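Asker: Have a look at the structure that comes next, please.
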Ligand code: H79
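Residue numbers (my numbering): 2 to 445.
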């Protein structure tokens, strides 16, 4: 049974338009977190901040007053938008999500509605404009990240406890709307908005306002893609409304985590945004703990693709505008793999086959080609593939390479003999199936 909602989901099931099909086909994206938090880089007055670098302002050791004046030092002379865009292209990213404004409120574009922007920093230039142009020139679609939380705006509140709070927050809502319309007007090539910081009680109460604002934003750029993290319904339900239906175009709750199986996604589009260390988005000069390797990241990406999701890898450039060496190396390693194997990623999704031990099946939505990306190479050098009744294995080949020997082990079950020796590179195979059941040996 379902309840009537004024501000619930606007649609049941996936979007079917070309703009959303384009989004679905990306496979791999890049996230960029850049702002004045890159200047302290996780340290203040010799002390180490163990939290996420972009949250340093919330640290008791960081005087707010001093943080809010850091923009006077924002002068990234090493920033080269085209170099970032080229690197993203080399990595194989098809879209980029850029922080226009994080929770601290500092705007990387020269907003008319506040003086807390890059225009008032020594750098002066429009960072979002430069990045939008550079990424577009590389053929990479641009999405804008926008934090509803804004620690700099006088009207911002996390919760509304008094009439004065409510009055102040009205000013903040107007400001938020103005900034969003300004962004879409200034950067009309923008394909979508990635909202964050929408969990505040104050914002969750604004279902009617946020709903009408979302409609207004969509009217400005046809096909605009907005995820489930923007608005709540009138009962305060986020991501999924009171009837359990997805709000927005795709599920936006997979932050630094990946679903275990496709059933969990309920048929919805989704993205996974991932950090290279455990939890650092903005630049932290001193990464501690596990730093993911390129093969770990590739496995996460293909796992997402196999479950119909996009994988978005985060980069946090430093205060001078440089991308750190660890990130540059990973981008190159991922790009090297993508050069040979990206056909198993782009426009590839769920192959309709059960998950198997060696890795992931993906299927190209247009050609129907089925790929196997092998992350767990069996010690016998043979990949065991089980097929459902009614499907037979016809051929398996390496990408642009040899056809591989297969052996039917039993009904609907095969070994594929790998040729290349075990190494640390996940290999991709392409498989052709035909209708009909395998002959097999009848079980006694
Ligand atoms: O920009 C990066 C992070 O800075 C930002 N999102 C990524 C993309 C981020 N900020 N916070 N978080 C992610 C996690 C926030 C968790 C909490 Fe809460 C906010 C804990 C308490 C308030 C949301 C609401 C989760 C639990 C309650």
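Quick reminder that beta carbons are idealized off the backbone N, C-alpha and C, glycines included. Predicted model only: the values in this text are computed from it and were never measured.
1. Between residue 222 and residue 424, what straight-line distance do the alpha-carbon atoms span, to the nearest angstrom?
2. So, is residue 480 buried or exposed, given that buried needs 16 or more other C-beta atoms within 10 angstroms?
3. Comparing C-alpha positions only, which one of 398, 312 and 383 sits nearest to residue 410?
4. Using a 10 Å radius around the Cβ and a threshold of 16 neighbouring Cβ atoms, would you call residue 253 buried or exposed?
5. Need the endpoints of the alpha helix (DSSP H) that residue 177 sits in, please.
6. Could you tell me the alpha carbon to alpha carbon distance between residue 322 and residue 405, rounded to whole angstroms?
7. For a test of the three-state rule: what should DSSP assign to residue 305, helix, strand or coil?
8. If we ignore side chains and look at the alpha-carbon of each, how far apart do residue 9 and residue 430 end up?
9. If you measure from the CB of residue 47, is any heavy atom of the ligand H79 nearer than 8 Å?
10. Does the ligand H79 have even one heavy atom less than 8 Å from the beta-carbon of residue 32?
11. Beta carbon of residue 146: closer than 8 Å to some heavy atom of the ligand H79?
12. Taking residue 311 as part of the beta strand (DSSP E), name the residues at either end of that continuous run.
13. Compare the beta carbon distance of residue 277 and residue 331 with 9 Å and say whether it is the shorter of the two.
14. Report the CB separation of residue 179 from residue 114 in whole angstroms; it is logged as a contact under 8 Å.
15. Count Cβ pairs between the stretch 127 to 134 and the stretch 362 to 379 that sit closer than 8 Å; are there 3 or more?
16. Tell me, which residues are paired with residue 273 by DSSP?
17. Assuming residue 40 and residue 80 make a contact with CB atoms under 8 Å, what is their CB distance in whole Å?
18. Just the Cα atoms here: how many angstroms apart are residue 190 and residue 103?
19. Since residue 342 is in the alpha helix (DSSP H), which residue starts that stretch and which ends it?
20. Assuming residue 43 and residue 54 form a contact by the criterion Cβ under 8 Å, report the distance between their Cβ atoms to the nearest whole angstrom.
21. Would you grab the beta carbon distance between residue 141 and residue 97 for me? Rounded to a whole angstrom, and I think it's under 8 Å.
22. Taking one C-beta from the stretch 325 to 343 and one from the stretch 297 to 307 each time, how about it: are there three or more such pairs within less than 8 Å?
23. Given 8 Å as the limit, tell me if residue 197 has its C-beta closer than that to any heavy atom belonging to the ligand H79.
24. Roughly how far, in whole angstroms, is the beta-carbon of residue 283 from the beta-carbon of residue 77, given that I think they are within contact range, below 8 Å?
25. Should residue 275 and residue 312 be called a contact, given that it needs their Cβ atoms to be closer than 9 Å?
26. Exposed or buried, which one is residue 317 when buried takes at least 16 other CB atoms within 10 Å?
27. Can you name the residues that DSSP bridges to residue 147?
28. Taking residue 183 as the reference, which of 17, 153 and 112 has the closest Cα?
29. Candidates 263, 364 and 285: which alpha carbon is nearest residue 49's?
30. Here's the rule: buried if 16 or more other CB atoms are within 10 angstroms of the residue's CB, otherwise exposed. What is residue 445?
31. Tell me whether residue 306 is buried or exposed, calling it buried when 16 or more other Cβ atoms sit within 10 Å of its Cβ.
Answerer: So, from the data block:
1. For the purposes of this step, residue 222 is taken as residue 221 along the chain shown, with counting starting at 1. For the purposes of this step, residue 424 is taken as residue 423 along the chain shown, with counting starting at 1. Roughly 46 Å separates the two Cα atoms.
2. With the chain running from 2 to 445 in the structure shown, residue 480 is simply not present.
3. Taking the first residue of the chain shown as position 1, residue 410 is located at position 409. Cα-wise, what sits closest to residue 410 is 383.
4. By one-based count along the chain shown, residue 253 stands at place 252. Flag for residue 253 reads buried.
5. Taking the chain shown and counting its residues from 1, one reaches residue 177 at position 176. Its alpha helix (DSSP H) spans residues 164 to 187.
6. By 1-based counting over the chain shown, the position of residue 322 is 321. By 1-based counting over the chain shown, the position of residue 405 is 404. Taking the straight line joining both Cα atoms gives about 47 Å.
7. Counting from one through the chain shown, the residue named residue 305 turns up at place 304. Looking at residue 305 - three-state DSSP - the assignment turns out to be helix.
8. Taking the first residue of the chain shown as position 1, residue 9 is located at position 8. Taking the first residue of the chain shown as position 1, residue 430 is located at position 429. Roughly 43 Å separates the two Cα atoms.
9. For the purposes of this step, residue 47 is taken as residue 46 along the chain shown, with counting starting at 1. No, the Cβ of residue 47 stays beyond 8 Å of every heavy atom of the ligand H79.
10. On the chain shown, residue 32 is found 31 positions in, with the first residue counted as 1. Yes, the beta carbon of residue 32 sits closer than 8 Å to at least one heavy atom of the ligand H79.
11. What you label residue 146 is simply residue 145 of the chain shown in a count that begins at 1. Yes, since a heavy atom of the ligand H79 falls inside the 8 Å radius drawn around the Cβ of residue 146.
12. By 1-based counting over the chain shown, the position of residue 311 is 310. Residue 311 -> beta strand (DSSP E) spans 310 to 316.
13. Taking the chain shown and counting its residues from 1, one reaches residue 277 at position 276. Taking the chain shown and counting its residues from 1, one reaches residue 331 at position 330. Taking 9 Å as the Cβ cut-off, residue 277 and residue 331 qualify as a contacting pair.
14. As a working mapping, residue 179 is identified with position 178 in the chain shown. As a working mapping, residue 114 is identified with position 113 in the chain shown. Between residue 114 and residue 179 the Cβ distance is about 5 Å, and since that is below 8 Å, they are a contact.
15. no
16. For the purposes of this step, residue 273 is taken as residue 272 along the chain shown, with counting starting at 1. BP columns for residue 273 point to 255 and 312.
17. Translated into positions along the chain shown, residue 40 becomes position 39. Translated into positions along the chain shown, residue 80 becomes position 79. The C-beta distance from residue 40 to residue 80 rounds to 13 Å, too long to meet the 8 Å contact threshold.
18. Here the question's residue 190 lines up with position 189 in the chain shown. Here the question's residue 103 lines up with position 102 in the chain shown. When rounded, the distance between both Cα atoms is 21 Å.
19. The residue given as residue 342 occupies position 341 in the chain shown. 326 to 342 is the extent of the alpha helix (DSSP H) around residue 342.
20. Along the chain shown, read from residue 1 onward, the residue named residue 43 stands at position 42. Along the chain shown, read from residue 1 onward, the residue named residue 54 stands at position 53. That belief holds up - the Cβ atoms of residue 43 and residue 54 are roughly 4 Å apart, short of 8 Å.
21. Position 140 of the chain shown, counted from the first residue, corresponds to residue 141. Position 96 of the chain shown, counted from the first residue, corresponds to residue 97. 5 Å between Cβ atoms; contact.
22. yes
23. Taking the first residue of the chain shown as 1, we reach residue 197 at position 196. Within 8 Å of the C-beta of residue 197 there is at least one heavy atom belonging to the ligand H79.
24. Within the chain shown, residue 283 is the residue found at index 282, counting from 1. Within the chain shown, residue 77 is the residue found at index 76, counting from 1. About 13 Å; that fails the 8 Å criterion.
25. The residue given as residue 275 occupies position 274 in the chain shown. The residue given as residue 312 occupies position 311 in the chain shown. The answer is yes: Cβ separation under 9 Å.
26. To locate residue 317, count along the chain shown from 1; it is residue 316. Buried, because 16 or more other Cβ atoms sit within 10 Å of the Cβ of residue 317.
27. In the chain shown, residue 147 corresponds to position 146, counting from 1. Answer is 102 and 196.
28. Start at 1 with the first residue of the chain shown, and residue 183 comes out as number 182. Residue 112 is the option with its Cα nearest to residue 183.
29. The count along the chain shown starts at 1 and reaches residue 49 at position 48. Of the listed residues, the one whose Cα sits closest to residue 49 is 285.
30. By 1-based counting over the chain shown, the position of residue 445 is 444. In this prediction, residue 445 scores a pLDDT of 45, lower than 50, which makes its location untrustworthy; no coordinate-derived value is stated.
31. The residue you call residue 306 lines up with position 305 of the chain shown. So residue 306 counts as buried.
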